[in-house]
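Residue numbers (full-length UniProt numbering), protein chains in the order written: chain C, 1 to 247; chain Z, 1 to 247.
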């Protein structure tokens with residue numbers, strides 16, 4: 001067998017998992033993940049062996065998953081959102097080379113960009129860029145370059161990891177940079193605890209976003225030049241036809 | 001009730017729907033969508049009323065959905081992938097203003113960027129841009145600007161609508177533009193019929209991609225400068241730490 005599934009479980013609630021993800025977990029002997037996510041799924045998969053490792057121990061966690069699969073167990077490594085967006089899919093595929101007998105399947109899930117957008121309305125209907133503000137593994141200059149490029153080319157932008165204890169002013173810095181090309185009145189939105197208890201959303205301008213403190217469970221959306229607020233929802237139009245028609 | 005769900009059904013196969021999406025469709029009296037997507041779900045939701053409209057009739061389709069909900073039926077408007085990524089969520093929210101009694105819920109799904117990435121490996125593990133090559137509603141100059149900006153800032157890029165009968169050379173043009181900033185050897189991948197019969201993937205260089213013809217059921221992935229091929233998978237590393245460590 002030696003099967004390892006890398007499973008995106010979606011934003012949190014069991015209902016946001018795909019049927020394919022549920023099937024993979026049901027088929028598994030062992031479910032491995034970051035403590036918080038294992039706790040989210042535990043009650044729905046009784047009788048499984050659960051293994052957890054704390055945050056920032058990703059390489060270790062992936063190796064444990066591969067070793068358990070090597071032993072002949074069916075293993076699911078779970079990630080929040082999509083396993084392929086800031087998730088473990090890449091690391092597993094890189095490390096897998098040392099575990100010849102293990103076959104890996106990546107099972108995609110609903111990432112925070114999609115899940116958060118649905119709470120706010122439809123901010124990512126058109127071209128968008130996804131950028132993480134975490135500089136743990138990426139030089140800040142590279143992040144800065146991407147923020148500026150996305151703003152200049154009028155992308156809607158979704159920010160992951162907008163804040164942490166050490167990086168409390170990164171969102172402010174990111175907004176400051178984007179204000180070089182985006183208007184102060186650009187429609188923005190934040191969503192925290194997407195699909196979990198305590199889910200909250202707020203729509204505001206880019207100027208207001210710059211002055212807003214968010215935590216690490218928040219996903220941030222910055223509109224493009226056409227994004228608007230429609231009856232309490234953040235909506236980016238599908239295209240620019242109406243624009244062109246009135247030119 | 002007057003409930004309208006806008007539901008992302010994922011890339012195609014029933015198993016790629018979320019439980020929440022399945023529940024919404026089960027609760028619905030009417031399921032509305034583009035013919036191809038209605039055909040994909042039909043057999044799993046027996047006894048429902050199905051309504052289809054052809055492609056490019058999106059405004060009409062949304063109005064029908066809102067009118068059916070207005071009548072008191074529970075309605076699901078289905079979109080492939082995620083309802084919020086080039087989907088109907090935005091248009092429904094814009095048109096809804098004229099239908100006061102209808103309450104709209106957006107149910108996110110697995111978009112082609114996530115689903116296609118999982119087939120190829122893990123090309124979107126780090127910051128990425130999603131760009132549609134369709135110039136039906138967007139001026140080509142704007143698309144061009146986004147392609148250049150994304151390439152220059154070293155984003156991994158996912159292209160939707162890379163081709164159509166009228167736009168057979170757009171992917172070539174897009175690659176040509178990105179070659180201004182990305183190396184010819186940049187690792188790229190294409191996936192067609194994601195999660196459906198006839199699913200196919202191929203990994204190639206950006207130079208080869210430029211010379212490749214794809215159809216409208218194909219999603220295209222262009223790596224960043226760190227993306228590599230690992231045992232037949234397209235993998236973008238999570239960050240640049242290893243890079244920095246060897247500097």
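Every residue, glycine too, gets a C-beta built ideally from N, C-alpha and C.
Between residue i and residue j, which are expected to be in contact by the criterion C-beta below 8 angstroms, what is the C-beta distance as a whole number of angstroms?
i                      : j                      : result
residue 195 of chain Z : residue 137 of chain C : That pair is no contact at about 30 angstroms.
residue 133 of chain Z : residue 178 of chain Z : The pair is not a contact, with the Cβ atoms about 12 angstroms apart (cut-off 8 angstroms).
residue 105 of chain C : residue 74 of chain C  : With a Cβ gap of about 11 angstroms, residue 105 of chain C and residue 74 of chain C do not count as contacting.
residue 142 of chain C : residue 149 of chain Z : Their Cβ separation, rounded to whole angstroms, is 14 angstroms, which puts residue 142 of chain C and residue 149 of chain Z out of contact at 8 angstroms.
residue 111 of chain C : residue 81 of chain C  : 4 angstroms
residue 78 of chain C  : residue 38 of chain C  : 7 angstroms
residue 36 of chain Z  : residue 14 of chain Z  : With a Cβ gap of about 14 angstroms, residue 36 of chain Z and residue 14 of chain Z do not count as contacting.
residue 227 of chain Z : residue 162 of chain Z : Going by Cβ atoms, the distance from residue 227 of chain Z to residue 162 of chain Z rounds to 18 angstroms, so no, they are not a contact pair.
residue 30 of chain C  : residue 58 of chain C  : Incorrect: roughly 17 angstroms between the Cβ atoms, too far for contact.
residue 92 of chain C  : residue 90 of chain Z  : 35 angstroms between Cβ atoms; not a contact.
Measuring alpha carbon to alpha carbon, tell me which residue in the options is nearest residue i.
i                      : options                    : result
residue 191 of chain Z : Z:158, Z:167, Z:85, Z:31   : Z:158
residue 218 of chain C : C:227, C:119, C:183        : C:119
residue 283 of chain C : C:183, C:170, C:225        : For chain C, the structure presents residues 1 to 247; residue 283 of chain C sits outside this window and is missing.
residue 26 of chain C  : C:172, C:70, C:9, C:36     : C:9
residue 232 of chain Z : Z:135, Z:121, Z:20         : Z:121
residue 160 of chain C : C:124, C:86, C:67, C:96    : C:86
residue 214 of chain Z : Z:200, Z:144, Z:47         : Z:200
residue 115 of chain Z : C:48, C:21, C:228          : C:21
residue 145 of chain Z : Z:43, Z:176, Z:83, Z:164   : Z:176
residue 193 of chain C : C:216, C:174, C:173, C:182 : C:216
residue 184 of chain C : C:43, C:211, C:164         : C:211
residue 165 of chain Z : Z:181, Z:135, Z:182        : Z:135
With a threshold of 6 angstroms on Cβ separation, who are the neighbours of residue i within its own chain once the five nearest residues in sequence on each side are excluded?
i                      : result
residue 130 of chain Z : 113, 158
residue 186 of chain Z : 206, 223
residue 18 of chain Z  : none
residue 172 of chain C : 210
residue 44 of chain Z  : 14
residue 181 of chain Z : 151, 152
Spatial neighbours of residue i within its chain, please: C-beta separation below 8 angstroms, excluding the five flanking residues on both sides.
i                      : result
residue 188 of chain C : 203, 204, 205, 206, 208, 209, 220, 221, 222, 223, 234
residue 24 of chain C  : 5, 7, 76, 105, 107
residue 67 of chain Z  : 99
residue 168 of chain C : 213
residue 246 of chain C : Confidence at residue 246 of chain C is low in this model, with a pLDDT of 30, below 50, so the placement of that residue is unreliable and no value is reported for it.
Run the CB neighbour count on residue i, radius 10 Å, all protein chains shown included, and call it buried at 16 or more, exposed below.
i                      : result
residue 236 of chain Z : buried
residue 283 of chain Z : Chain Z is shown from 1 up to 247; residue 283 of chain Z falls before or after that span and cannot be answered.
residue 127 of chain C : buried
residue 117 of chain C : buried
residue 103 of chain Z : exposed
residue 16 of chain Z  : buried
residue 33 of chain C  : buried
residue 109 of chain Z : buried
residue 94 of chain Z  : buried
residue 61 of chain Z  : buried
residue 46 of chain C  : exposed
residue 198 of chain C : exposed
residue 84 of chain Z  : buried
residue 244 of chain Z : For residue 244 of chain Z, the predicted model reports a pLDDT of 34, less than 50, meaning its position is unreliable; a value from the coordinates is still stated below. Exposed, because fewer than 16 other Cβ atoms sit within 10 Å of the Cβ of residue 244 of chain Z.
Is residue i a contact residue of the ligand MN, with contact defined as CB to any heavy atom under 7 angstroms?
i                      : result
residue 209 of chain Z : Although the ligand MN was asked about, the structure shown includes no ligands whatsoever.
By Cβ distance, which residues of its chain are closer than 7 angstroms to residue i, with the 5 residues on each side in sequence left out?
i                      : result
residue 155 of chain C : 127, 128, 129, 224
residue 263 of chain Z : The displayed coordinates of chain Z run from 1 to 247. Any statement about residue 263 of chain Z would go beyond what the structure contains.
residue 70 of chain C  : 2, 99, 101, 102
residue 229 of chain C : 187, 203
residue 51 of chain C  : 30, 32, 64
residue 174 of chain C : 133, 147, 159
residue 88 of chain Z  : 6, 58, 62, 77, 79
Beta strand (DSSP E) runs contained entirely in the segment 86 to 139 of chain C, provided each spans 3 or more residues: 103 to 107, 128 to 132
Beta strand (DSSP E) runs wholly inside the segment 177 to 222 of chain C, at least 3 long, in chain order: 187 to 192, 200 to 205, 218 to 222
Every unbroken alpha helix (DSSP H) within the segment 138 to 171 of chain C, with a cutoff of 4 residues, ordered by chain: 140 to 152
3 or more residues per run - each beta strand (DSSP E) lying fully within the segment 11 to 70 of chain Z: 30 to 34, 49 to 53
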